[in-house]
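One structure is given here, and the rest of the page talks about it.
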Amino acid sequence: MSARLTEVRWHARGGQGAVTAAKMVAELAVERGKHFQAFPEYGPERSGAPIVAFTRISDEPIQIYSPIESPNVVLVLDATLLGAIDVTDGAPDDAVVIVNTDQSPADLKAQVDFGTRRVLTVPATEIAGQTIGRRIPNTPMIGAIAKATGLFTLDEVEEHLRASFGKKFSEKVVEGNVEAVRRAYNEVRE
Amino acid sequence: MKWDISDIKNWGPDRHEPGALIPEAGNAKYYKTGGWRTERPLRDDETCTQCLFCYFFCPDASVIAEGQKVVDFDYDHCKGCGICAVECPVDAITMHPESEFRGKSE
Amino acid sequence: MSAITTTAKVRAVTGNQAVALAMKQIDPDVVAAYPITPQTDVVQTFSQYVADGAVRAEFVTAESEHSAMSACIGSAAAGARTMTATSSAGFALMWEVLFVAASMRLPLVMTTVNRALSGPINIHCDHSDSMGGRDTGWLQIYNEDAQEAYDATVMSFPIAEHAAVRLPLMNMYDGFIISGAIGPLVPLSDGQVQAFVGEAPPYKHLLQPNDPITVGPFDGLHGWYFEHKIAQNRAMEAALPVIQETYDRFAELTGRRYHHLMTYGMEDAEVALVVIGSAAGTARSVMKQLREEGIKAGIVKIRTFRPFPTEELARVLSGVKAVGIMDRADSYGAQGGPLYLEVLAALYQRDVQAKTVNFVYGLGGRDLFPQNIEDAFRTLEAAAGGADLPYYRIYLNMKGE
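Protein chains in written order, with this note's numbering: chain X, 922 to 1111; chain Y, 478 to 583; chain V, 2 to 402.
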């Protein structure tokens, strides 16, 4: 498998916008000239139920259609999942885990065994509530991914949001989302 | 006959219209159903009031009318169902076994 | 391999959205459909195009798939270019009328998003639906990803409506794995699609009052049913070159070249997998790794399944020592899955002496991991070296082993 392949696994609950965020990451990848693939773990969509989604980003065309077994990046949009699911399952020792929580990485690591993996935290739900007015953590998580992985820059995310949201939403909503991404980018803790 | 099917019994797969469609309207008339008949309707012109009930009730369009008057039956297609005789309000139409007509022209 | 360079033209869409876009660009006269997971997005997106006035198509919301297909038949018999989409149980409910569409030689185009048939109740991908319908008389094209599904949809009417063919055509892709996954799509412009699809060649239909016809007549014991069935089969044979010609014309326009069989590494392959749908991608990437190890592995991806490209397949597999045929549907009580039986017949009749085995995988959406493909190739490698292969199927990623 190519060294330039990034495999992302999303853990969330139905309704938190993980699939929408995975699509946004895919679109950002396209704009960067990358190959990509984004897909949920398929099943009936149920609000509140734990869901898993996957994103692959690569410099080369992606031909594998199976679920991601060894993610380089694990995103946890809901910290209450940490007790119920082993979010690090299959993730290599150098994987990055980004958790939506107001706890510090040190506090979180004291409660959950992440092994040697990098753990970052960001209060995405709080940020979304304050900037967008809805406590949906998906957009701020994009900012955290940008910061943690360097797959795309903060400017590129902002540009993408203005271009894609600008067609559908009011300026207030667009700028709220831009602010959410910017704050998450700056408030990620490691 | 627009669609020449005189030799259709010998047609192979490539001679037919694709999808078995019939490219001619009303060609059911070439299929003569008169042979199904065991009883033949006869009309008494003296009794008939020309109400045209038989014309309208016939399920096989086998009552021939000209100038709004019933003139004959189409024995090539009449199946002898007898509906005309039942519906005739003045009993001008009666049914007769085909055996009576064996060997006689229609 | 290079990164995507023409970024402006690449869109991030699901397989279903890709096909709905193709339908919009074709803008058929009529779409009659009933929603079912995982096809729903196709007709839902298309109905939005109708509501927005982006297409002029008449959209018929039928009360069942049997009715949807019946409406499509009436529509096509009246001379309208007609499309629909379905999956799984919806496909099964269309069963009776699928035969009618084919035998009336109506050039309908249907998207079949592959999904298992119950039970136990299961909404996930396998090929039980369309493989069950392989003898309905429809042309069948299987697609690996969203791009292929889009391209195949654009190519459908020129094939189905061709005067030598005049058969309904169904395009398949894997439910959820492709239908719901967001992947890259390079679409054509509306004008390119319109020009490629063009006008249908004239044919006799019901809305020609000066040239009246009867469709769907009764044909009894001493009639010509038998000859009409033979004619259908001859149309299937005629379709094989027409499909390739259409693929070639599409390549001139887009540079994307398709064949009945897409082969990878088959020039010198000693072991090969014959595969359909999205599994071909996973199989191909494993094949490349194994080739780096020195294993002469190859992949044959079947796109055109009806008509079956028998001669071409036998030719491609003629130098191979061991072949694994991968079925995402089973045929209960038979010697193997539908693709296996088809391939075996092709090899036997052409005296191709490869060892064969049937791999059944992915039923009800069971994952197919690269490791499963690697295991399959290792089995074939052993057989190429002299080991025996089982007469019975090998199930990939079965629990309890």
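Where is the CB? At the ideal position from N, CA and C, for every residue including glycine.
- Taking every protein chain shown into account, the CB of V:Arg167 has 16 or more other CB atoms within 10 angstroms, so this residue is buried.
- Proximity of chain X to V:Ser286 at the Cβ level (cut-off 9 Å) is accounted for by Met922, Ile983, Gln984, Ile985, in chain order.
- Counting along the chain, the unbroken alpha helix (DSSP H) around V:Val243 starts and ends at 226–255.
- Inclusion of V:Val11 and V:Pro213 in the CB contact set at 9 Å is not warranted, their separation being larger than that value.
- Leaving aside the five residues that flank V:Gly325 on each side, the residues in its chain whose CB is nearer than 6 Å to its CB run, in chain order, Leu274, Val358, Phe360, Ala377, Leu381.
- In this structure, the CA atom of V:Ala232 is about 56 Å from the CA atom of Y:Thr524.
- In the three-state scheme derived from DSSP, where H, G and I count as helix and E and B as strand, V:Ala388 is classed as coil.
- Annotated as distal: V:Asn115 and V:Asp53, with beta-carbon spacing of 9 Å or more.
- The Cβ-Cβ distance between Y:Cys535 and Y:Ile560 falls below 9 Å.
- Among the CB atoms of chain Y, one or more fall inside 9 Å of the CB of V:Ser104.
- For V:Val11, the neighbours in chain X by C-beta distance under 7 Å run, in chain order, Val951.
- Residues of the stretch 203–221 of chain V that bring their beta carbon within less than 7 Å of a beta carbon in chain Y comprise Lys205, Pro213, Ile214, Thr215, Val216, Pro218, Asp220, in sequence order.
- With a cutoff of 9 Å on beta-carbon distance, V:Ala34 and V:Ala63 are scored as near each other.
- Restricted to the stretch 494–530 of chain Y, the beta strand (DSSP E) segments that are unbroken, complete and at least 3 residues in length are 516–520, listed in chain order.
- Between X:Leu998 and X:Leu1029, the CB-CB gap reaches or exceeds 9 Å.
- Three or more beta-carbon pairs drawn from the stretch 929–938 of chain X and the stretch 958–972 of chain X are found closer than 8 Å, and the two stretches are therefore classed as touching.
- DSSP lists V:Thr113, V:Tyr143 as the beta-bridge partner residues of V:Met173.
- The beta strand (DSSP E) runs lying completely inside the stretch 281–314 of chain V and spanning 3 residues or more are 298–303, 305–307, given in chain order.
- Listed by position along chain X, the residues whose Cβ is nearer than 8 Å to that of V:Gly181 are Phe960, Pro961, Tyr963.
- Residues of chain X whose Cβ lies closer than 8 Å to the Cβ of V:Asp368 are, in chain order, Ser987, Pro988.
- Residues of chain V whose Cβ lies closer than 8 Å to the Cβ of Y:His493 are, in chain order, Trp225, Glu228, His229, Ala232.
- Of the other Cβ atoms in all chains shown, 16 or more fall within 10 Å of the Cβ of V:His229; this residue is therefore buried.
- Only Arg167 from the stretch 151–173 of chain V bring a Cβ to less than 8 Å from some Cβ of chain Y.
- With respect to X:Val1043, X:Asn1021 sits close: the two C-beta atoms are nearer than 9 Å.
- With distances taken between CA atoms, V:Ile160 lies nearest to V:Pro242 out of V:Pro242, V:Pro121, V:Ser180.
- Of the candidates V:Glu145, V:Leu318, V:Phe227, V:Trp139, the residue whose Cα lies closest to the Cα of V:Ala240 is V:Trp139.
- With respect to chain V, the C-beta atom of X:Glu1111 has no partner C-beta closer than 9 Å.
- For Y:Lys486, there is no enclosing alpha helix (DSSP H), since its DSSP letter is neither H nor E.
- Our two residues, Y:His554 and Y:Lys506, have alpha carbons roughly 8 Å apart in a direct line.
- Taking each of V:Glu66, V:Tyr259, V:Trp225, V:Leu254 in turn and checking the Cα distance to V:Asn144, the smallest one comes out for V:Tyr259.
- Linking V:Asn398 to Y:Glu501 through their CA atoms gives a straight-line distance of about 59 Å.
- Closest in C-alpha terms to X:Val929, from the list X:Leu1072, X:Ala1000, X:Pro982, comes X:Leu1072.
- According to the DSSP assignment, V:Thr41 belongs to the alpha helix (DSSP H) that extends over 41–52.
- Closest option to V:Ala384, judged by alpha-carbon separation, among V:Thr283, V:Asn172, V:Ala323: V:Ala323.
- Annotated three-state conformation of V:Ile122 is coil, per DSSP.
- Collapsing the DSSP output to three states places X:Gly1087 in a helix.
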